[in-house]
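Below you'll find the structure, written out as structure tokens, and then a few comments.
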Amino acid sequence: MANSRKRVGFNKKFLNKKKLLAVFKGLAVYTLIALAALIFFYQVSGGPKTDDSSEVPISQIVSDVKDNKLTKISIEGDKVTAEVKDSDKKLTSHKEEGESIYKIFESSGVDPKSVTIEIKDLSVQQAWIGILSAVLPILILVGLMVFLFKNARDAGQGVFSFAQSKAKLFSKDAPQIKFTDVAGAEEAKKELSEIVEFLKTPEKFKALGARIPKGVLLVGPAGTGKTLISRAVAGEAGVPFYSIAGSEFMEMLVGVGASVTGDTPILIKDKDGIGLIPIKDFVDRFYTGNEHSVVKKTEGIQTLGFDKEQNGFRGTKGKQLVFKSSAWKDVEAVYRHKVPEIYHIEYLGGKLQTTGDHSVFVRTHGGIMPKKASELKKGDLLVELPLNVKHWDDVVKKTIHRIKTHLFEETSKITLDFWEDDESIQYLHQFVLQNPDKSSSYRLASETGVCQTTVLNWQKGVHFPQVLSKKLVKLNLPDQVSVTCKLMKLFGFYTAEGRGTGSLEFTFGSHEPAVYGDCIDLMEDVFGVKPVVLERKDHSVKINYYSHHLGRFFARFCGNGSHNKHIPEILWLLPKKYFLAFLEGYSRGDGYITKSGKLCMSSVSHQLIKELAWLCSMHGIKVGIKHERIKGGRIILDRPLPDGEFWTLIIGKTSNPFLPQAKYPNQFKRAIVKKVTKKKYHGFVYDLCGVENEAFFGGEKPVLLHNSRVRDMFAQAKKNSPSIIFIDEIESIGRQRGMGFSGGHDEREQTLNQILVEMDGFTPNERVIILAATNRPDLLDAALIRPGRFDRRVVVSMPDLQERKAIIELHMKGKPFTKNVDPGKLARRTVGFSGADLANMLNEAAILAAREDKTAIDNHDLEEAATKEKLGPQRKRMQSEQDRNLAAYHEAGHAIVGHFLKKVDPLHRISIISRGLSGGHTLFPPTQDRSNESKSRLLEQITAALGGQAAEELTFKDISTGAASDIEIATNIARHMVTEYGMSSLGPINVNPRPVFGIWRGMKEGVDLSPKLHNAVDCEVRKITDSCFKAAQDILRKHRVKLDAVAKALLEKETLEGDEFEKIVGKKKSV
3 MANSRKRVGF NKKFLNKKKL LAVFKGLAVY TLIALAALIF FYQVSGGPKT
53 DDSSEVPISQ IVSDVKDNKL TKISIEGDKV TAEVKDSDKK LTSHKEEGES
103 IYKIFESSGV DPKSVTIEIK DLSVQQAWIG ILSAVLPILI LVGLMVFLFK
153 NARDAGQGVF SFAQSKAKLF SKDAPQIKFT DVAGAEEAKK ELSEIVEFLK
203 TPEKFKALGA RIPKGVLLVG PAGTGKTLIS RAVAGEAGVP FYSIAGSEFM
253 EMLVGVGASV TGDTPILIKD KDGIGLIPIK DFVDRFYTGN EHSVVKKTEG
303 IQTLGFDKEQ NGFRGTKGKQ LVFKSSAWKD VEAVYRHKVP EIYHIEYLGG
353 KLQTTGDHSV FVRTHGGIMP KKASELKKGD LLVELPLNVK HWDDVVKKTI
403 HRIKTHLFEE TSKITLDFWE DDESIQYLHQ FVLQNPDKSS SYRLASETGV
453 CQTTVLNWQK GVHFPQVLSK KLVKLNLPDQ VSVTCKLMKL FGFYTAEGRG
503 TGSLEFTFGS HEPAVYGDCI DLMEDVFGVK PVVLERKDHS VKINYYSHHL
553 GRFFARFCGN GSHNKHIPEI LWLLPKKYFL AFLEGYSRGD GYITKSGKLC
603 MSSVSHQLIK ELAWLCSMHG IKVGIKHERI KGGRIILDRP LPDGEFWTLI
653 IGKTSNPFLP QAKYPNQFKR AIVKKVTKKK YHGFVYDLCG VENEAFFGGE
703 KPVLLHNSRV RDMFAQAKKN SPSIIFIDEI ESIGRQRGMG FSGGHDEREQ
753 TLNQILVEMD GFTPNERVII LAATNRPDLL DAALIRPGRF DRRVVVSMPD
803 LQERKAIIEL HMKGKPFTKN VDPGKLARRT VGFSGADLAN MLNEAAILAA
853 REDKTAIDNH DLEEAATKEK LGPQRKRMQS EQDRNLAAYH EAGHAIVGHF
903 LKKVDPLHRI SIISRGLSGG HTLFPPTQDR SNESKSRLLE QITAALGGQA
953 AEELTFKDIS TGAASDIEIA TNIARHMVTE YGMSSLGPIN VNPRPVFGIW
1003 RGMKEGVDLS PKLHNAVDCE VRKITDSCFK AAQDILRKHR VKLDAVAKAL
1053 LEKETLEGDE FEKIVGKKKS V
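With our numbering applied, the sequence shown covers 3 to 1073.
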């Protein structure tokens, strides 16, 4: 037995050594795998990432170059590194493979000469990357398989075990603030500490059956630190923090969401122009890599939406709003995300692909309404341009068809620049000449966008860019070309039958003398040039204008080559006559009219046909698009044609603008849904967000699409619980429902309904708490603040003396002050200031000191900043002597009356310098914090407020409009005394009017008062103001000499401090 025990003990030691050896082997293998992966990613990424470099979209690089924010750009393959001016920071981005940085700048209208561009040769590095990329993935794959196999076999007992990852922080402002970083608000922090404890140790509360509220409402005046305290709660609890404003929250729930596939065309207008592009190409500009499910804000971008109008019919909610016309609408954000399936919608005239919860607009008897794609049925009628509606005509006394389209504005005279682009080509030429040794001719060619042979010829001086020399232009061409219907018709001819390579060339059939004769006449009329006409054996006629500049002009506006033709961008804004002129030229070149009267136009450019379809639709011309394929083999010019495809634009007889008006015009087919099928899908889908009326047009032909909803923030909060959601300014979406213009169905109320649904969906185990802030709790809907939702209310009040001192000391850190600056004295001076007011006051003081070239902030700067914070900046304006006298006596009247009233605080400053909207000011700042006011103090406040007008009447025997705000203050105090505080002979009754919500909010709803009581309230208010005005007159008559002395001093100095004032009138006697 002893031997066996020894043997067992030996075996245990041996097994432990084997296990330890296996551990070290495993560590060695995983270390090698990690090292190989690091080397691989190091090589692929081009080196280590420094802290001062950040990845941005290529569009931001272009924008920063345009704004002159960058000093140098380095190109390493497809990687772009930019150095920021006056900073060590670097920006990195990536361009498309093989795309020239100069072409990117040129297409964005940016001058490449405004920044230094360096091209680095990466041939050696790319060779290493090729080798490593071939070998290392195999090693990593083998290591990963071993890793997975061992972990599965050992059931998690190996060196590495699978563990649940910690919650990832999704936050606009990282929650690193603690309660110790927040000065003041001690009571609020104490109450919120319970929330922190629940998030940290929920078991302690659950054991006693306690229910922590799902929502906590922070109530307090603006600027008291409600947002900061909420962040501190998340920081103390160490949980994810989601912060959003109420207005942004409404956009997230109402204006964002499920989307259409990336090939859906949309019309975009921005600072670079207007274009019909796939939604993918537009939205992807705002994302980097595989980023998705994040809303991206946009600025200065519009798309084609629609305007509403009232149709005159009344429903249960008032007059109905219907579609009026398409219109340009701002795009506030974009969104992309991934979905597993999409819906394929086939309708008469086209097709769409969208997610199931994305809505399209359908026509109903009452107008139009959004309907989810998953709920569409055969026979539903989509809303598309042009919109054909039945309309009663009072003239002919019958129902006729009315076409709703886009409203184009009439334009003034427009001209196009004929000699554009020369500077960009000159810059490319100079760049090639200045960099002969920095890079190979192949690299220079790829970066400049010209062929390698041209680069070599430029470097050798063999050739010079022809387009740079106007000396070679033999024709007398204009500098500016007026935009006319004739020019648009020429653009149409060119788009159909033109070519702009080397010269300008049109090709027509020899049987079309009227067509090419028209083209020749138009060219002579617009440009003053005559062609060389060549008749060819293939029965075609070539019309040549041997001018490279003419060819470049047409190619710049309409493209070059049959597959690259497009409409002139300016046509998107021009009225119908210009488009019809273009369409006439194009149809005469590439179109024909069938026996049934249909106008058909064909092209191998799908983009061109889509653009024509959109413009026809916007101008009220109904079109159809037919896609056809042709088999190759047909012999043209002794060469067989390959297989190909083309698209035909078809305009029906009743819509054909070039035929006499039909007896029954605009009789065209509508977009009736034929079939809806669900298909599997893998990839991104896209949406435009925040578009007015929640709609935009998209598709091969314009169909009205509707924004859908997303609950991403709630889903992320639940996924990463415990967590906190903070909604600022919740009153913007949480007002009482059912009183709005739309009868309870507007976006704000739908957002509130969504919040309530989400809060009801939280379970105790999810540990998601919503904090919300408001300074108007009286406006909130009752359902929002009932138990089970926002049932806990935490008051964040204005800071008291000690809290103001703490806030001031906090914000004084990092700023130099003179030795005589006392935070305690400053805190006493700033009674009634919020935390935000104090922070802004100290910042303004620093700005004032810097403006006067001081090395430290002194008491004068602080005093001026405090006055500016409450009354606004000084307004130095010329005043007449009469106005100065009036202002001096007015302010002196306030000061004298307040000085001799015992319960009015001591005067701090009096001035006749204009600030904000006032012509002067007299300050009686409170000397201490008060939560209640006595009747006697209120009466003295009214008396002091009326002292200005009393002084005017006593001195000038007249009164001015300068006392308007004083009278308003006095009347409001008196009315509150009567209707709320019970400080009148009517006794302790409340007759204060209630606020009204909905479309009349801001007005007051009167309590049910008898005419007698209503009159009694007015009489009491009048009695209080009259008695106080008389008291002010008595004080001023008694101290008339001092009134004159103070007014005289004000006229001399303009401003008197409190001690200067007391030297004139004596010390104040207070209670």
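Note that beta-carbon positions come from the ideal geometry of N, C-alpha and C, so glycine has one too.
Contact under 8 Å by Cβ, residue i with residue j
i	j	result
residue 273	residue 288	no
residue 577	residue 699	no
residue 625	residue 653	yes
residue 819	residue 868	no
residue 968	residue 984	no
residue 953	residue 1038	yes
residue 325	residue 370	yes
residue 356	residue 333	no
residue 216	residue 771	yes
Cβ distance (whole Å) where residue i is taken to contact residue j below 8 Å
i	j	result
residue 484	residue 415	7 Å
residue 584	residue 500	No, residue 584 and residue 500 are not in contact; Cβ-Cβ is about 13 Å, not under 8 Å.
residue 407	residue 622	4 Å
residue 809	residue 837	5 Å
residue 568	residue 524	Not quite, the Cβ-Cβ distance comes to about 20 Å (not below 8 Å), so this is no contact.
residue 650	residue 604	5 Å
residue 378	residue 112	With 8 Å as the limit, residue 378 and residue 112 do not qualify as a contact, their Cβ atoms being about 44 Å apart.
residue 897	residue 914	Actually they do not touch by this definition, with Cβ atoms about 11 Å apart.
Buried versus exposed, by CB contacts within 10 Å (16 or more), residue i
i	result
residue 591	buried
residue 929	exposed
residue 19	Confidence at residue 19 is low in this model, with a pLDDT of 48, below 50, so its placement is unreliable and no value can be given for it.
residue 990	exposed
residue 726	buried
residue 388	buried
residue 11	The predicted model places residue 11 with a pLDDT of 39, which falls under 50 and marks its position as unreliable, so this point remains unresolved.
residue 80	exposed
residue 832	buried
residue 901	buried
residue 775	buried
residue 1054	exposed
residue 308	buried
residue 452	buried
residue 916	buried
residue 536	exposed
Residue i - partner residues in DSSP beta bridges
i	result
residue 76	83 and 120
residue 337	689
residue 240	For residue 240, which the question treats as bridged, DSSP gives no partner whatsoever.
residue 792	217
residue 484	417
residue 546	507 and 534
residue 824	For residue 824, which the question treats as bridged, DSSP gives no partner whatsoever.
residue 371	364
residue 356	262 and 345
residue 324	311
residue 631	647
C-beta neighbour in chain C for residue i, strict 8 Å
i	result
residue 590	Of the protein chains in the structure, only one exists, and it is not chain C.
*Within the chosen definition, does the stretch 696-708 reach the stretch 346-363 through at least 3 CB pairs nearer than 8 Å?*
yes
_Segment contact, 8 Å Cβ cut-off, at least three pairs: the stretch 804-813 with the stretch 263-279_ = Counting C-beta pairs with one atom in each stretch, the stretch 804-813 and the stretch 263-279 have fewer than three that are closer than 8 Å, which means they do not touch.
*Do the stretch 831-850 and the stretch 879-895 make contact, defined as three or more Cβ pairs closer than 8 Å?*
no
*asked:* Counting beta carbon pairs with one atom in the stretch 1059-1073 and one in the stretch 1039-1051, are three or more of them shorter than 8 Å?
replied: yes
*Would you check if there are 3 or more beta carbon pairs closer than 8 Å linking the stretch 340-353 to the stretch 676-684?*
yes
_Under 8 Å: do the stretch 62-79 and the stretch 105-120 share three or more Cβ pairs, one atom per stretch?_
With the rule of 3 Cβ pairs closer than 8 Å, the stretch 62-79 counts as touching the stretch 105-120.
_Does the stretch 780-794 come into contact with the stretch 205-219, if we say contact requires no fewer than three beta-carbon pairs (one atom in each stretch) closer than 8 Å?_
yes
_Stretch pair the stretch 184-192 + the stretch 228-245: three plus CB contacts closer than 8 Å_ = The answer is yes - the stretch 228-245 touches the stretch 184-192, with three or more Cβ pairs under 8 Å.
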